[in-house]
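Notes for the one structure printed next.
Chains as they are written, first to last, in this note's numbering: chain Y, 3 to 458; chain S, 3 to 458.
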């Protein structure tokens, strides 16, 4: 090879190397999907071959948590890496942002999209936002180049008077829910055609992926379903033995298959971390229109395990070894520092970040592992897990007007031995209670008063 | 090749061909293992890599039932292919054969071992018998060439006065349970060393397999565990995050791994059907020493799903396609006709056989599929499933003195949509109730009065 070619190649190499090209990230989040709702988590009648394969090719978490028991705070936690109490994105009444709420994720919060955008990432939010529906809270103000989706939950129409109980209906009519579909700042459907949402989110994500295939990208894909009202496309409707709820989950499973296949087709699989999870547990009061927490106690809205322990699967061919099941404690706060580290970005130092880099779990790196997890219900700390021991300071039914029941001493469960939280072992584990008390005390010193955005 | 060698080979071939060599069968049955206790059925803290792999390489059933809600009748059902009501091997008080009981499986019953032995199979029962402990009920009278194991449950000592509650203890002492270990007709340990039972059963099975590698064989391997008292070997004790129950299940998982590896090593894998299942649901009243039914309702002793729907994995490299999950309705009665068909044997025609050949499910053959399943509690029919619909005519807590509650109309659940049996849909499904009533009526016409062997 002539010397000048060698020199040219070396120059090109150096220039390319100077532009850091981190891996791509795709975070797929289902809405109200329960711990027990996937084949690989043991559901008997919902078929999820694509997610099962994703788990076989990657890592399946058994002890992964959403950062809150309901939608809005869980999403705030995921995008900021901070317990939602820090951003004011949680509250006791209401517990999520309503359709007319003026509040939203404060501008001073730094989202994962914002931090990655600074590193040159192309960023998209495709799906349900639910972090503020007013213009000042638009995803574009939080680091997203592109947005396609609903501003909040699909059961939050602005104008329609819904017949009682209709949100949980297994035969919902689209026109009853005038939830707008937006593309960037435009409302492209005043009443979103919900039966094709999963399909359209998938197409949007695939398009964004293709358009940015030469470029690092971050796709945040928070699906609208299986939150009620349940809509599946014509192809999926009537397909699952589990009924409409199963149809909807099986369509999400198809969507995941499309995304992974798209990555393989574009040659991006080996350079993309994909995670799949849920924003909170199953909405049990929706009966057949809600999911299952499997062997876990209770569901969405509660700080029992069924409310916050959710499926999580991580996939990155060549980087995450296939076929792993991990019981490492982890939660959706951890995506923030994990992705920033992989992108070569600094984690913000001017604020408390509650997330932990998951590198040690995902790649077997050295590094810290998560020791504890805090279960907030709205703005109140209800329970804390340290190692496998979980203390409940308060418990309260997921929904309804019943007052919280305080526990002193706290209820204590060994979640590894007793995942269904049946046997209180507080009497024999004073040292665990003391350790949990220290974690709470330390956490409290880091809290600053914040106004709830949800009251607004 | 000289002509005489060709002739000799042809002769040997013809002779060999004249001796039908069916496939080998290994039926592994855990004791009191729940629907939710394996990794591939969704347990978060019990690790079962060998059973998970067996499922990946074979077929996992989501809707598989034991033929009874407790030990003795379930085993009678498995070995005879007949609901235990037909052989008198069920009863209401007691519900299983006690250690001192004189009764046992009647000689006129034809077991799978007996029928296979007639076809030239070598047969072994390695593990817990529990179909009669008196000499006249010995496995050798039911077609087993070889027997190694306990005559009944491991919590049924003959002489010791147990401290109250000790059966469920998580720290059982071996000497408290003077359950004999037998090899053929000899008692080789008057108080079985239970902590090495799983290991020794495994070794016995591997030895039998090796010794009969040139010969079709049937190994019935009904493990003693995870029935309480729980014992794991030194290698497994303290290994599972789930505690001793997890240690015991993980040792069973190891055992399955050894069996499959043994088959591969001996070159027998492609000629052996292996199934793994449980005799009934988890013994929930044993608390941490009992298992989990996952999302299913209730456990051992009840006719809710958790009492009788159990894990089942079928494996036969080259015959059963890998990675299949089936929701086909099946039960342990079905092994009898399935194995006989594969062995080229006739199913007895002089009696009712309730089992169905599973060939259509396992191999995708044409053939009948199971349409219904009857849930007996002792000698009484409590519930019936037809398709995905299950009617409860009576319900009763798994244990305790509470009377059965009769339901007229029956409670009705759609098990595919509602596997946890939460929502009675009887009001809207009179046709399903009528269909179920016809199945019951037809079943009743086939019943002949039989004396319970359990009262004796």
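All C-beta atoms, glycine included, are put in the ideal place defined by N, C-alpha and C.
CB contact flag (residue i, residue j, <8 Å)
i	j	result
residue 176/Y	residue 195/Y	yes
residue 278/S	residue 53/S	yes
residue 228/Y	residue 35/Y	yes
residue 309/Y	residue 302/Y	yes
residue 262/Y	residue 56/Y	yes
residue 340/S	residue 356/S	no
residue 113/Y	residue 144/Y	yes
residue 264/Y	residue 183/Y	no
residue 75/S	residue 344/S	no
residue 246/Y	residue 172/Y	yes
residue 312/S	residue 85/S	no
residue 409/S	residue 425/S	no
Close Cβ partners of residue i (< 7 Å) along its chain, the five nearest in sequence each way excluded
i	result
residue 139/Y	106, 107 and 133
residue 441/Y	374, 386 and 388
residue 59/S	317, 319 and 324
residue 272/Y	319 and 320
residue 96/Y	456
residue 200/Y	225, 227, 235, 253, 254 and 257
residue 445/S	376
Residue i at chain S interface by Cβ criterion, 8 Å
i	result
residue 425/Y	yes
residue 43/Y	yes
residue 390/Y	yes
residue 297/Y	yes
residue 327/Y	yes
residue 434/Y	no
residue 336/Y	no
residue 64/Y	yes
Beta-carbon contacts of residue i that lie in its chain and below 6 Å, excluding the five residues immediately before and after
i	result
residue 285/Y	34, 292 and 302
residue 31/S	224, 279 and 281
residue 454/Y	90 and 93
residue 68/S	76, 281, 282, 310, 312 and 334
residue 399/S	none
residue 212/S	none
First and last residue of the uninterrupted alpha helix (DSSP H) at residue i
i	result
residue 256/S	246-267
residue 409/Y	Where residue 409/Y is concerned, there is no enclosing alpha helix (DSSP H), although the beta strand (DSSP E) it sits in stretches over 407-416.
residue 432/S	432-447
residue 37/Y	Taken as a continuous stretch (DSSP letters only), residue 37/Y belongs to no alpha helix (DSSP H), as it is neither H nor E.
residue 308/S	307-310
residue 151/S	Element bounds for residue 151/S: not the alpha helix (DSSP H) but the beta strand (DSSP E), 148-151.
residue 115/S	114-120
Residue i at chain Y interface by Cβ criterion, 8 Å
i	result
residue 72/S	no
residue 19/S	Only weak support is given to the placement of residue 19/S: the predicted model assigns it a pLDDT of 45, under 50, and the question is left unresolved by the model.
residue 420/S	yes
residue 244/S	yes
residue 320/S	no
residue 289/S	yes
residue 38/S	yes
From the options, residue whose alpha carbon lies closest to that of residue i
i	options	result
residue 29/S	316/S, 290/S and 120/S	316/S
residue 23/Y	78/Y, 218/Y and 233/Y	218/Y
residue 198/S	152/S, 123/S and 211/S	152/S
residue 238/S	222/S, 231/S and 255/S	255/S
residue 2/Y	111/Y, 61/Y and 37/Y	As displayed, chain Y neither begins before 3 nor continues past 458, which places residue 2/Y out of reach and without an answer.
residue 82/Y	354/Y, 391/Y and 248/Y	354/Y
residue 397/S	391/S, 390/S and 414/S	414/S
Residue i: first and last residue of the uninterrupted beta strand (DSSP E) it sits in
i	result
residue 399/Y	Looking at the DSSP string, residue 399/Y is not in any beta strand (DSSP E), and its letter there is neither H nor E.
residue 280/S	274-280
residue 61/Y	61-63
residue 388/Y	382-388
residue 204/S	No beta strand (DSSP E) contains residue 204/S, which is instead part of the alpha helix (DSSP H) from 199-213.
Same chain only: Cβ atoms within 8 Å of residue i, ignoring 5 sequence neighbours per side
i	result
residue 244/Y	45, 47, 48 and 251
residue 185/S	149 and 150
residue 274/Y	25, 26, 27, 28, 265 and 318
residue 452/S	87, 88, 89 and 90
residue 18/Y	With a pLDDT of 47 at residue 18/Y, under the threshold of 50, the modelled position of this residue cannot be trusted; read the value that follows with caution. Once the five neighbours on either side are set aside, residue 18/Y has no close Cβ partner at all.
residue 20/S	With a pLDDT of 44 at residue 20/S, under the threshold of 50, the modelled position of this residue cannot be trusted; read the value that follows with caution. Hits under 8 Å: none found.
Residue i: CB within 7 Å of a non-hydrogen atom of the ligand PLP
i	result
residue 290/S	This structure lacks the ligand PLP, and indeed carries no ligand of any kind.
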